[in-house]
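Engineer: Pasting a structure here, questions to come.
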Amino acid sequence: MQHPYLLQDKDCLQTVLEVVELGISGTKSQTKGGDIPKFKDEKELKPASMRVRDAAENLLTIILEQVGYFPSECGPESISSLLDEVALMKHCNSMAPATSSSEQAIAKFKYFVTENSTILALLEEPLGNDQDPQPTVTLLIRGPFGRHAWTMQLRHLPRSKSGIKYHAINPGRPIPMNDISQRPECEQKNFPEGVDKVQPCVADYSIPTIEQMREQYGAGGIRDLEAMLENQSIHEKLAWAEADTSADSLSHAQECVPPAVCHEFHAARLFLSHFGFLGFESRNPHNPAESLGTPPQRPLIVLDTKSTAFAADLDRLDKLSARTHDTVYVFYVK
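Numbering (the working numbering), first residue to last: 40 to 373.
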């Protein structure tokens, strides 16, 4: 058949079937209002000639083979999607559409085989036509029932709740207040008032006085202790002054900004783990380096896409029909 797309037109298909009916039976179905509908197999066959009948039956066979065999790519009766690696990469921003070839497009995908019958091709790049870019994984499934394309996004909220966006750069946080309140100066007292009026006891003499320490250790030790305290006080004042002049000080405080948005995700690993394709080795809890064994069958087998014949093999696989051809023998017994 030279022009199979004409069969998608209902008017054209109806006209062709009327011609086929005329060639097989010799008459067209012209039903009147009061006539009882008659099925095609009940009509009396009076073809113009056997050659015309054979040609009409041959045309009917070709029509039945072609109708619905290649439906539209978005119709509900579609068996296999028309999207492939090259078509998907044309919608991505990472590759120019003019320079995209089959080998370059396949290199962007990760290929796995599961259940020895299904090939999974995973793409971790968001499509360029998406208005809300999210961590995206695009999946091409090649199985016994054709090729199918799916796109999944990693979203923290459903679409109904993620429509509200905040476009304000500065949310209007208050400026840090650097004003230090004035504290009233007062004399620090080490002991409460009236302690001198209390009569001392034996426990009060357990702590020696400064004069007793001077007599016990000498004036040199007291001077060394005073020098150490003075040096420590100087170091603390220098540390406070350095902290006040640093960029992290309160006087140089900057506005808090959120961290940069992460644009690199391993969406393929998330998809494979959620669907149970990734199996982890069991480890010894006392010795993590020791493996206790692996699963008997790995759910996924990684394919080597660096082979030069890989793209040609995929092309030949896509050209295979997803429909099965079976021979049926029908015997009529009267």
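Each residue gets a CB set at the ideal place from its N, CA and C atoms; glycine is no exception.
Using 10 angstroms around the beta-carbon of A278, count the other beta-carbons present and answer buried if the total reaches 16, otherwise exposed.
Structural biologist: The sequence position of residue 278 within the sequence shown is 239, counting from 1. It is exposed - the Cβ of A278 has fewer than 16 other Cβ atoms within 10 Å.
Engineer: If R181 sits next to L356, beta carbons under 8 Å apart, how far is it from one beta carbon to the other, in whole angstroms?
Structural biologist: Here residue 181 refers to the residue found at position 142 of the sequence shown. Here residue 356 refers to the residue found at position 317 of the sequence shown. Correct: roughly 6 Å between the Cβ atoms.
Engineer: Just verifying my parser: in three-state terms, what is the DSSP assignment at V91?
Structural biologist: On the sequence shown, position 52 is the one that residue 91 refers to. Helix, per DSSP.
Engineer: Does the beta-carbon of K149, which I'm using as the reference point, lie nearer than 7 Å to any heavy atom of the ligand NAP?
Structural biologist: This structure does not include the ligand NAP; it has no bound ligands of any sort.
Engineer: At which residues does the alpha helix (DSSP H) containing G260 begin and terminate?
Structural biologist: By one-based count along the sequence shown, residue 260 stands at place 221. Where G260 is concerned, the enclosing alpha helix (DSSP H) stretches over 249 to 284.
Engineer: Hey, would you say L342 sits closer than 8 Å to Y44, going by beta carbons?
Structural biologist: Indexing the sequence shown from 1 puts residue 342 at position 303. Indexing the sequence shown from 1 puts residue 44 at position 5. No, these two residues do not count as a Cβ contact at 8 Å.
Engineer: Start and end of the beta strand (DSSP E) containing R181?
Structural biologist: Start at 1 with the first residue of the sequence shown, and residue 181 comes out as number 142. Looking at the DSSP string, the run of the beta strand (DSSP E) that includes R181 is 175 to 182.
Engineer: Kindly indicate the opening and closing residues of the alpha helix (DSSP H) around A126.
Structural biologist: For the purposes of this step, residue 126 is identified with residue 87 of the sequence shown, where counting begins at 1. It spans 124 to 128 - the alpha helix (DSSP H) in which A126 sits, taken as one unbroken run.
Engineer: Could you give the C-beta distance for S156 and A361, rounded to a whole number, given that I count them as a contact under 8 Å?
Structural biologist: Working through the sequence shown from its first residue, we reach residue 156 at position 117. Working through the sequence shown from its first residue, we reach residue 361 at position 322. Contact flag wrong, Cβ pair sits at about 13 Å.
Engineer: Can you tell me which of the three DSSP states A160 falls into?
Structural biologist: Counted from its first residue, the sequence shown places residue 160 at position 121. Strand at A160.
Engineer: Measure the C-alpha to C-alpha separation of L359 and F349 and round it to an integer number of angstroms.
Structural biologist: As a position in the sequence shown, residue 359 is number 320, starting the count at 1. As a position in the sequence shown, residue 349 is number 310, starting the count at 1. In a straight line, the C-alpha of L359 is about 16 Å away from that of F349.
Engineer: Kindly give me the distance between the Cβ atoms of R186 and Q173, rounded to whole angstroms, as I take these residues to be in contact under 8 Å.
Structural biologist: Here residue 186 refers to the residue found at position 147 of the sequence shown. Here residue 173 refers to the residue found at position 134 of the sequence shown. Actually they do not touch by this definition, with Cβ atoms about 25 Å apart.
Engineer: Going by beta-carbon coordinates alone, are A307 and V176 separated by less than 8 Å?
Structural biologist: Start at 1 with the first residue of the sequence shown, and residue 307 comes out as number 268. Start at 1 with the first residue of the sequence shown, and residue 176 comes out as number 137. Yes; because the gap between Cβ atoms is below 8 Å, this pair is in contact.
Engineer: Distance check for A94 and E104, CA to CA, integer angstroms please.
Structural biologist: Along the sequence shown, read from residue 1 onward, the residue named residue 104 stands at position 65. Along the sequence shown, read from residue 1 onward, the residue named residue 94 stands at position 55. Near 15 Å, if we compare the C-alpha coordinates of A94 and E104.
Engineer: Report the residue from D263, E83, S245 whose alpha carbon sits nearest the alpha carbon of T66.
Structural biologist: As a first step, residue 66 must be located in the sequence shown, where it is residue number 27. The shortest Cα separation from T66 among D263, E83, S245 belongs to E83.
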